[in-house]
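**Q** Quick one: the structure is below, questions incoming.
Number of protein chains: 2
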Amino acid sequence: MSEEIKKFDVVFECDAVNPGRMRTDMQVRMLEPDPFECELATDEMGFHGGDGSAPTPLMLFSGGLAACLMTQLRAFSKRLKVDVGEIKLATRLHWQGVQKGREPYETEPVSFEIDIDMEGSASTQQRIELIEAAKKGCFVEQTLMRPNIIGHRLKVGNDWVQV
Amino acid sequence: MSEEIKKFDVVFECDAVNPGRMRTDMQVRMLEPDPFECELATDEMGFHGGDGSAPTPLMLFSGGLAACLMTQLRAFSKRLKVDVGEIKLATRLHWQGVQKGREPYETEPVSFEIDIDMEGSASTQQRIELIEAAKKGCFVEQTLMRPNIIGHRLKVGNDWVQV
């Protein structure tokens, strides 16, 4: 039984609407493996033309990245029977933007660092093996390993055009 | 003046704590360009050992991705004077997991699709140029273009070890 290989799909949809200011309201749905939905919103601060009514998009992104790794550390600590007690992550994400005159700016990631502090009686080797397993199981981390995954389509009349 | 090149940093920190179940509580801070902070939480549904008390990590990630592109579409539509009115994004994110026996599963992204529907009087060419500018300015999209950006350190006693 230990050699049985199972594949499973994980599918999320997000419908976002922005009427005209910086606030965006979203319906987010997990379709697979189990239906679950929620509402989220983002906004920007005043310096970026927003009203500060919700977290910024990068706050959701930062939280999603940290929490995805955290969830796999927790889930796999149970599966691997590694005693780690409370887990704390300190995540720091650094991007840089470049702007020429008044043109739209361009951005790039500079460094993302995740510091992991775990309680419990596990050995350092066990903790390292747990982190390695969690990295491979973390949907967000694996997404960040794979460039050019996003496709875009623009609605033109009743058609969709690849952009 | 139009040739002046400015660089700016965008820095976020996220402190996450998980006491033992699936719920993770987070303090998220924007440090640059302007201080702003919020609290976020994630949880899992019962099938994954959670209590369903908050959105899942991939819901935050999905919302962060969609909202980051949306925000740049809106901001750059103003800067480029492209009349697009209300903007709607339909985002679909698909991952696949592979599990051997009872080992921790491994994951990979399969496809991310973002369908963009904009109102207003802009020409198709203007809309395409706006999307291209927004992709280059979207922090999350540019992060997904760059593999191997994340570093991890484990706390071992009073030291930090690269993992």
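Listed in order, the protein sequences are those of chains A and B. So for the first sequence, numbering that gives the first Met the number 0 puts the first residue at 0; every next one is plus one. So for the second sequence, numbering that gives the first Met the number 0 puts the first residue at 0; every next one is plus one. A virtual CB, placed ideally from N, CA and C, is assigned to each residue, including glycine.
Would B/F138 and A/L143 be called neighbours here (beta carbons separated by less than 8 Å)?
**A** Going by C-beta atoms, B/F138 is not nearer than 8 Å to A/L143.
**Q** Indicate whether the contact test is met: 3 or more Cβ pairs, each with one atom in the segment 65-79 of chain A and one in the segment 98-118 of chain B, closer than 8 Å.
**A** Result yes; three or more Cβ-Cβ pairs closer than 8 Å.
**Q** Listing by chain order, which chain B residues have their CB less than 8 Å from the CB of A/Q95?
**A** Those are K6, F7, D8, V9, listed as they occur along chain B.
**Q** Return the chain-ordered ranges of every alpha helix (DSSP H) run that is complete within the segment 89-140 of chain A and spans a minimum of 4 residues.
**A** Fully enclosed alpha helix (DSSP H) runs of 4 or longer: 123-136.
**Q** How would you list, in chain order, the residues of chain A whose beta-carbon sits under 7 Å from the beta-carbon of B/Q141?
**A** Chain A residues near B/Q141: T106, E107, P108.
**Q** What are the residues of the segment 116-142 of chain A that lie near chain B, defined by any Cβ-Cβ distance shorter than 8 Å?
**A** Listed by position, the residues of the segment 116-142 of chain A near chain B (Cβ gap below 8 Å) are D116, M117, T123, R126, I127, I130, E131, A132, A133, K134, K135, G136, C137, F138, V139, E140, Q141, T142.
**Q** What's the gap between the Cα of A/A40 and the Cα of B/F11?
**A** Approximately 18 Å between the Cα atoms of the pair.
**Q** To the nearest angstrom, report how far apart A/C13 and B/P54 are at their CA atoms.
**A** One C-alpha to the other measures close to 13 Å.
**Q** If contact is defined by three or more beta carbon pairs under 8 Å, each pair taking one atom from either stretch, is the segment 2-9 of chain B in contact with the segment 94-103 of chain A?
**A** Yes, the segment 94-103 of chain A touches the segment 2-9 of chain B.
**Q** Quick one: what does DSSP say A/L79 is sitting in, helix, strand or coil?
**A** Of the three classes helix, strand and coil, the one that applies to A/L79 here is coil, per DSSP.
**Q** Can you tell me which of the three DSSP states A/A74 falls into?
**A** A/A74: helix per DSSP, three-state reduction.
**Q** Quick check on A/M44: does DSSP put it in helix, strand or coil?
**A** Note: A/M44 maps to coil in three-state DSSP.
**Q** Is A/D82 close to chain B? Criterion is C-beta to C-beta, closer than 8 Å.
**A** By this cut-off, A/D82 is not an interface position.
**Q** So, does the CB of A/N17 fall closer than 8 Å to a CB anywhere in chain B?
**A** So yes, A/N17 belongs to the interface.
**Q** With H, G and I counted as helix, E and B as strand and the rest as coil, what does DSSP make of B/A53?
**A** DSSP places B/A53 in coil when its eight states are reduced to three.
**Q** What does the alpha-carbon distance come out to for the pair A/M44 and B/E38?
**A** Computed Cα separation, rounded: 16 Å.
**Q** Please confirm if the segment 108-128 of chain A is in contact with the segment 78-92 of chain A, defined as three or more CB-CB distances below 8 Å between the two stretches.
**A** Touching, yes.
**Q** Taking just the CA atoms, how far does A/L79 sit from A/A199?
**A** There is no way to answer for residue 199 of chain A, as the model of chain A reaches only from 0 to 162.
**Q** Taking the beta strand (DSSP E) that B/V9 falls in, what are its first and last residues?
**A** Segment 4-17, the beta strand (DSSP E) holding B/V9.
**Q** Roughly how many angstroms separate the alpha carbons of B/G150 and A/Q124, rounded to a whole number?
**A** The alpha-carbon atoms of B/G150 and A/Q124 are separated by roughly 18 Å.
**Q** Distance, Cα to Cα, B/Q141 vs A/R145?
**A** Using only the alpha carbons, I get a separation of about 12 Å.
**Q** If you follow the beta strand (DSSP E) that B/D33 is in, where does it begin and where does it stop?
**A** Run containing B/D33: none; DSSP gives neither H nor E here.
**Q** For A/G62, does the count of other Cβ atoms within 10 angstroms reach 16, so buried, or fall short, so exposed?
**A** Its Cβ being crowded by 16 or more others within 10 Å, A/G62 is buried.
**Q** With 8 Å as the threshold, decide whether the Cβ of B/D50 is near any Cβ in chain A.
**A** By this cut-off, B/D50 is not an interface position.
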